[in-house]
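*Asks:*
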Amino acid sequence: MLFITDALAADAAAGGAAAAAMQFVPLILIIVVFWLFLIRPQQKRAKEHQKMVDGLKTGDEVMTAGGLMGKVTALDNANIRIQIAQVDGKAVTLQLSRQTVANVLPKGTVKF
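Okay, structure coming up:
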């Protein structure tokens, strides 16, 4: 037991503070790598999606996250109404959250 105390005292005297600081370097590197490769790209995609959702207008053709394709017929702050079909001359529409829109499609993609 006497030798362990002497070893710890010798480590502290030989620059223990620098050795302790070096133990945190791998942890800091892991955090930086996670931020660069995971968190930052996800934030960028979220900003692009929000910009696309904010830019929606009546007449745009969209695809939802569930795979429905349709034409935007009405908008409000939180929801959109899309026409997905036409039956007997009447439009079939759905009301969805704006956030469910995955893509804005090129004009002419959706045909009724």
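Heads up: the sequence shown at position 31 corresponds to 31 in UniProt numbering, and the numbers run straight through without jumps. From the three backbone atoms N, C-alpha and C, an ideal C-beta is built for every residue, glycine too. The structure displayed is predicted, hence computed values, not measured ones.
What are the boundary residues of the beta strand (DSSP E) that I84 is part of?
*Replies:* Taken as a continuous stretch (DSSP letters only), the beta strand (DSSP E) holding I84 covers N79 to V87.
*Asks:* Please return the same chain residues whose Cβ sits closer than 6 Å to the Cβ of E61, not counting the five positions on each side in sequence.
*Replies:* K71, L105, T109 and V110
*Asks:* At which residue ranges does the segment 21–51 contain complete alpha helix (DSSP H) runs of 4 or more residues, listed in the order of the chain?
*Replies:* 25–34
*Asks:* Within the chosen definition, does the segment 51–67 reach the segment 29–41 through at least 3 CB pairs nearer than 8 Å?
*Replies:* no
*Asks:* Would you call L96 buried or exposed, if buried means 16 or more other Cβ atoms sit within 10 Å of its Cβ?
*Replies:* buried
*Asks:* Select from A91, D88, K57 and K90 the residue whose C-alpha is nearest the C-alpha of N79.
*Replies:* K57
*Asks:* Skipping 5 residues on each side, what residues in its chain have a beta carbon closer than 6 Å to that of V83?
*Replies:* Reading off the sequence shown, one finds Gln at residue 83, where the question assumed Val. Cβ neighbours of Q83 beyond the five flanking positions: G70, K71, T73, A91 and T93.
*Asks:* From the DSSP output, read off the bridge partner residues of A74.
*Replies:* R81
*Asks:* Between T100 and A46, how many whole angstroms is the CB-CB distance? I'm expecting something under 8 Å.
*Replies:* With a contact defined as Cβ atoms closer than 8 Å, T100 and A46 miss out at about 15 Å.
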